[in-house]
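For what it's worth, the numbering used here labels the leading residue of the sequence shown as 448, then goes sequentially.
Positions of the beta carbon are idealized from the N, C-alpha and C atoms, including for glycine.
None of these values were measured; they are calculated from a predicted model.
A short worksheet on the structure shown next.
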Amino acid sequence: MNKRIANQFQDLIENYVADVERNCAKHLQKDRVLIPLIASTVQGVSVAIPDQVTKILDAKIKPEVLLEMLFQLAPVIGTLKVEQALEQVQNVFTQRKIVLNSPQIESDPNYGAKAQEKLYGTEIKTLLHDLPDEAGSFIPHALTEHFFKDFYKRQELDVRDRERYELLALITMNVDFQIKAHARGSLKAGNSESELIWSTIQLLPYIGFPFVINSVQVIHQAAEQMKGKE
Numbered sequence: 448m449n450k451r452i453a454n455q456f457q458d459l460i461e462n463y464v465a466d467v468e469r470n471c472a473k474h475l476q477k478d479r480v481l482i483p484l485i486a487s488t489v490q491g492v493s494v495a496i497p498d499q500v501t502k503i504l505d506a507k508i509k510p511e512v513l514l515e516m517l518f519q520l521a522p523v524i525g526t527l528k529v530e531q532a533l534e535q536v537q538n539v540f541t542q543r544k545i546v547l548n549s550p551q552i553e554s555d556p557n558y559g560a561k562a563q564e565k566l567y568g569t570e571i572k573t574l575l576h577d578l579p580d581e582a583g584s585f586i587p588h589a590l591t592e593h594f595f596k597d598f599y600k601r602q603e604l605d606v607r608d609r610e611r612y613e614l615l616a617l618i619t620m621n622v623d624f625q626i627k628a629h630a631r632g633s634l635k636a637g638n639s640e641s642e643l644i645w646s647t648i649q650l651l652p653y654i655g656f657p658f659v660i661n662s663v664q665v666i667h668q669a670a671e672q673m674k675g676k677e
């Protein structure tokens, strides 16, 4: 990009980004620096990833947490975008001579399936039951085995964190039906309405006002519905 144009654009958005950062800092802790990496990875835009990874590590967030967050995005956004992001992450890790610890695994092989049952019940199985040629049984099977059992058994992130990061990825993609389902799941997992809304606001410079306004309303409605059932 022409330097003059780039400088004009940076001058234009500087106060906008700073205002979001300043206000989100009042309500979020480690997620404030992790969320931009989610946005870059989901959108398949790798140019900012090295700087984002550096900020995450400088904030004393464990590299294993950063990696686990990216791994968890794979069943949500697909493996190719995650692999692309991981290449950039690995470059920073190599420069900083980071040595990673091996992941700790839950002893219960059904840990993830139990989390799915608690948060979502049989929603997907019911939704897809009439698909032809066994597709209606395979997708729920794959979801349980590979979304929940394969990933949730890894202890670096708890269920609450995983659900929140998945929701933010879905918000970045603007997948309305899934945002509604995972807003409820994230709240059931122990995330507060405020935390989810401010996490969404942190996405504002990366996904824009329409996606954010739609998503915070969905989160608020899910929280109100859950209060009504108490």
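Cβ shell of Leu484 (< 6 Å), same chain only, five flanking positions each side left out: Position 37 of the sequence shown holds residue 484. Cβ neighbours of Leu484 beyond the five flanking positions: Gln499.
How many whole angstroms separate the CB atoms of Ile496 and Gln535, which I take to be in contact at a CB cut-off of 8 Å? Your numbering for residue 496 matches position 49 in the sequence shown. Your numbering for residue 535 matches position 88 in the sequence shown. At roughly 4 Å, the Cβ-Cβ gap stays under 8 Å, so Ile496 and Gln535 are in contact.
Nearest-angstrom Cα separation, counted from Met516 out to Ile508: On the sequence shown, position 61 is the one that residue 508 refers to. On the sequence shown, position 69 is the one that residue 516 refers to. Ile508 and Met516: Cα-Cα distance of roughly 12 Å.
Whole angstroms are fine: how far does the CA of Arg469 sit from the CA of Val489? As a position in the sequence shown, residue 489 is number 42, starting the count at 1. As a position in the sequence shown, residue 469 is number 22, starting the count at 1. Approximately 24 Å, taken between the alpha carbons.
Select from Ile452, Gln457, Val464 and Asn454 the residue whose C-alpha is nearest the C-alpha of Pro652. For this step, residue 652 is matched to residue 205 along the sequence shown. For the residues Ile452, Gln457, Val464 and Asn454, the minimum Cα distance to Pro652 belongs to Val464.
Do you know whose CA, among Pro550, Leu566, Leu650 and Met673, lies nearest Arg607's CA? Within the sequence shown, the letter at position 160 stands for residue 607. The residue with the shortest Cα to Cα distance from Arg607 is Leu566.
4-residue-minimum alpha helix (DSSP H) runs that sit fully inside the stretch 501 to 553, ordered along the chain: 510 to 524 and 526 to 542
Under 8 Å by Cβ, that's how I've got Gln563 and Gln602 pegged, so tell me the actual separation to the nearest angstrom. Residue mapping note: residue 563 aligns to position 116 of the sequence shown, counting from 1. Residue mapping note: residue 602 aligns to position 155 of the sequence shown, counting from 1. With a Cβ gap of about 17 Å, Gln563 and Gln602 do not count as contacting.
Who pairs with Arg601 in a beta bridge, going by DSSP? The count along the sequence shown starts at 1 and reaches residue 601 at position 154. Bridge partners of Arg601: Ile552.
Going straight from the alpha carbon of Ile571 to that of Ala628, what length do you get? Looking up residue 571 in the sequence shown gives position 124. Looking up residue 628 in the sequence shown gives position 181. Cα-Cα distance, rounded: 10 Å.
Please report the straight-line C-alpha distance between Phe540 and Lys674, rounded to a whole angstrom. Working through the sequence shown from its first residue, we reach residue 540 at position 93. Working through the sequence shown from its first residue, we reach residue 674 at position 227. Roughly 44 Å between the two C-alpha positions.
Once you ignore the five residues that flank Ala486 on each side, which residues in its own chain have a CB closer than 7 Å to its CB? Sequence index remark: in the sequence shown, residue 486 carries index 39 (1-based). Thr619, Leu650, Tyr653 and Ile654, listed in sequence order.
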